[in-house]
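Residue numbers for the sequence shown follow this note's numbering, beginning at 37 and rising by one. Where a beta carbon is used, it is the ideal one built from N, C-alpha and C, also for glycine. Structure first, then comments.
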Amino acid sequence: MYTLTEADVERYVDQDVIFDRGRAYYRARRVIHLDVNDDRLSARVSGSARRPYQVEIWIDRGILHSTCTCPYDRGACKHVAAALLEWVHRRAPGASPAGSELAEWRARLEAIPPPVLIEHLACEAENDVLIERYLKRWMRELTPEHLPKLIARLFREVRAASPASLERLCERLLHLLDWADSFPDDRAIPVAVEALKRLPVAFPLLPHPARDDVVERALTIIHRRASRLEEGRVARRKLIYNLLGLIEHQTPAWRAPLMETLTSLAEGCGGLSFLIDVVRQRALGGDLGLRRFLAELYKRQGHWDEYERTRVRCLVDEDDYLELFEYYIEENRPEEAMILGERGMNALGVRAPRLAERLTALYLEWGERDMARQHLLRCFRYWPSEQLLQRLDTLFKGHRGWKRQRTRLMKALQAAPAMSTPRSKPASPIDHSQ
Ligand SMILES: [Zn+2]
37 MYTLTEADVE RYVDQDVIFD RGRAYYRARR VIHLDVNDDR LSARVSGSAR RPYQVEIWID
97 RGILHSTCTC PYDRGACKHV AAALLEWVHR RAPGASPAGS ELAEWRARLE AIPPPVLIEH
157 LACEAENDVL IERYLKRWMR ELTPEHLPKL IARLFREVRA ASPASLERLC ERLLHLLDWA
217 DSFPDDRAIP VAVEALKRLP VAFPLLPHPA RDDVVERALT IIHRRASRLE EGRVARRKLI
277 YNLLGLIEHQ TPAWRAPLME TLTSLAEGCG GLSFLIDVVR QRALGGDLGL RRFLAELYKR
337 QGHWDEYERT RVRCLVDEDD YLELFEYYIE ENRPEEAMIL GERGMNALGV RAPRLAERLT
397 ALYLEWGERD MARQHLLRCF RYWPSEQLLQ RLDTLFKGHR GWKRQRTRLM KALQAAPAMS
457 TPRSKPASPI DHSQ
């Protein structure tokens, strides 16, 4: 299915008339539903009968087969052709004439003031049954009650969508969620729940960063209404389990809203202890995102020992190290902070400019000049700069061998001027440390 081309479709539908009619159907967007699963494609195509025709297409030993519920019985019908063309074009961004046409229509539609457009559509619907029929369908689809179904449909389309249509799909989801946010609680919640239910599976397929906006929007809707979520414990717990599926994908953009939403959902069904139990069981699998979240929960509960024990076991990025580093400092345990800082620098190197800065300050504060020298020499390797050299001058004052070493560093600095100038500014660990 994934290598099918328009030429294949044309060959398969061997009558030109049928292929042309199929193409006309495809262009008129008559394929109202399409689902592809490995070597099997199912579609619904609206035809002349009241109910859409159901099309099934599959590949068996390299050969294309198809069935359709329409009466046509002399080989592949126009519905099959339309469904195949829809699939071929959905997969290939930009290759589709309908795709570029759509973009143009969109731009034109956006330029028309809504009252003009509404009036025009209303008048046209009076004169044209087809338009009337479409309008009726859209009116049914675009209602608060129907929105969860529409959201579900959009998510089902994710699997078969091309990169270009995925962008558009995310945008549509965002618009729908924005709209849902203006509904009364009992209407808004099901829309967001539907989205959050389907997000964990679809997330890896959705384009970045649009998907983060979708998650964040859906979380906000729930979070603000969590206290009014009256579906009881079971529904809340179900939603909690769903949201935990998102944790492994979490990004800094919605780490906080996810946390907030989960904790407000947990209130009313066992509170934080319930949440901790669930997360702890899941974190046994070793998922770092879950462990990080568990640490956060312990922190909220004030269970400091557990917090520390969990936090130490999920140090991934600079923020992780910084969080624990600050915790040790607050706890007045500078030695542990130093050990952790060194560990972080070894693990992250050039990716830890803020940690480097904090470590410098800590060494100097506690008079660890030797450690500070070694640390700053390492920093110089990562972020060579004039300032850092001057800083080293102060620390190495009167040291034997410093002059020779300084010459070497100076040479290194001159050898890499292009690299050091732009980097040293934001990343230099001495900018704010004194
Ligand atoms: Zn047919």
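Within the same chain, show all residues whose beta-carbon is closer than 6 Å to that of A289, passing over the 5 residues directly before and after it, in chain order.
-> D248
Alpha carbon of R208 to alpha carbon of A238, nearest angstrom | Roughly 15 Å between the two C-alpha positions.
Is the Cβ-Cβ distance between L358 and L391 less than 8 Å?
-> yes
Limits of the unbroken alpha helix (DSSP H) element including Q426 = 422-431
Identify, in the order they occur along the chain, each residue of the same chain with its Cβ nearer than 7 Å to the Cβ of E46, setting aside the five sequence neighbours on each side.
-> In the same chain as E46, and ignoring 5 residues on each side of it, the C-beta atoms closer than 7 Å to its own belong to F55, in chain order.
The beta strand (DSSP E) spanning D96 covers which residue range?
-> Element bounds for D96: 89-96.
When you compare each of L324, L326, R347, G325 to K335 by their alpha carbons, which one comes out closest?
-> The shortest Cα separation from K335 among L324, L326, R347, G325 belongs to R347.
Taking just the CA atoms, how far does L205 sit from L178?
-> 16 Å
If you run the structure through DSSP and keep just helix, strand and coil, what is C104?
-> strand
Any heavy atom of ligand 1 within a distance shorter than 7 Å of the CB on V194?
-> Not so, every heavy atom of ligand 1 lies at least 7 Å from the Cβ.
Can we say the segment 402-420 touches the segment 435-450, given the rule of at least three CB pairs closer than 8 Å?
-> Here the segment 402-420 makes contact with the segment 435-450; the two share three or more CB pairs at distances below 8 Å.
Same chain, Cβ closer than 6 Å to P133, neighbours up to 5 away in sequence not counted = Only weak support exists for where P133 lies, its pLDDT of 47 falling under 50; the value from the coordinates is given anyway. Correct list: empty, nothing qualifies.
Assuming A254 and L235 form a contact by the criterion Cβ under 8 Å, report the distance between their Cβ atoms to the nearest whole angstrom.
-> 7 Å
Residue-chain proximity (R142, chain B), Cβ-Cβ < 8 Å = The structure shown contains no chain B; it is built from a single protein chain.
Local conformation of H411 per DSSP, three classes = helix
H69 (DSSP reduced to helix, strand or coil) = The answer is strand: DSSP assigns H69 an E or B state.
Which one or two residues does DSSP pair with A79 in a beta bridge?
-> L70, V91
If you check the beta carbons only, do D75 and I99 fall under 8 Å apart?
-> no
Under a Cβ-count criterion, where at least 16 other Cβ atoms within 10 Å of its own Cβ denotes burial, should C350 be classed as buried or exposed?
-> buried
Can you find a heavy atom of ligand 1 that lies under 7 Å from the Cβ of H115?
-> yes
How would you call T430, buried or exposed, if buried means at least 16 neighbouring beta carbons within 10 angstroms?
-> T430 should be labelled exposed.
Answer yes or no: do R318 and L326 have a C-beta to C-beta separation smaller than 8 Å?
-> Yes, Cβ-Cβ distance for R318 and L326 is below 8 Å.
Within this structure, are the beta carbons of V81 and R59 separated by less than 8 Å?
-> no
Using alpha carbons as the reference points, say which of A161, Q450, I225, A196 lies closest to L275.
-> I225
Report the residue from A161, E42, Y277 whose alpha carbon sits nearest the alpha carbon of R127.
-> E42
Consider the C-beta atom of Y62 and the heavy atoms of ligand 1; say whether any pair is separated by less than 7 Å.
-> Shortest gap from the CB of Y62 to any heavy atom of ligand 1: 7 Å or more.
Kindly indicate which residue of I68, E168, Y62, Y108 has the alpha-carbon position closest to the one of A117.
-> The shortest Cα separation from A117 among I68, E168, Y62, Y108 belongs to Y62.
Determine the DSSP secondary structure at I99, reduced to helix, strand or coil.
-> strand
Assign C113 to buried or exposed, taking buried as 16 or more other Cβ atoms, counted over all protein chains shown, within 10 Å of its Cβ.
-> buried
Can you say whether K172 is buried or exposed, counting buried as having 16 or more other CB atoms within 10 angstroms of its CB?
-> exposed
Is C206 near ligand 1, judged by its Cβ being under 7 Å from some heavy atom?
-> no
Buried or exposed: A64, going by 16 or more other Cβ atoms within 10 Å of its Cβ?
-> Counting Cβ neighbours within 10 Å, A64 comes out exposed, since fewer than 16 surround it.
Check whether the Cβ atoms of Y400 and M374 lie closer than 8 Å to each other.
-> For clarity, residue 400 is Leu in the given sequence; the question names Tyr instead. No Cβ-Cβ contact shorter than 8 Å links L400 with M374.
Say the cut is 7 Å; is the CB of Y48 nearer than that to a heavy atom of ligand 1?
-> no
Rounded Cβ spacing between R316 and L330 (contact assumed at less than 8 Å) | Right, the Cβ-Cβ distance comes to about 6 Å (below 8 Å), so this counts as a contact.
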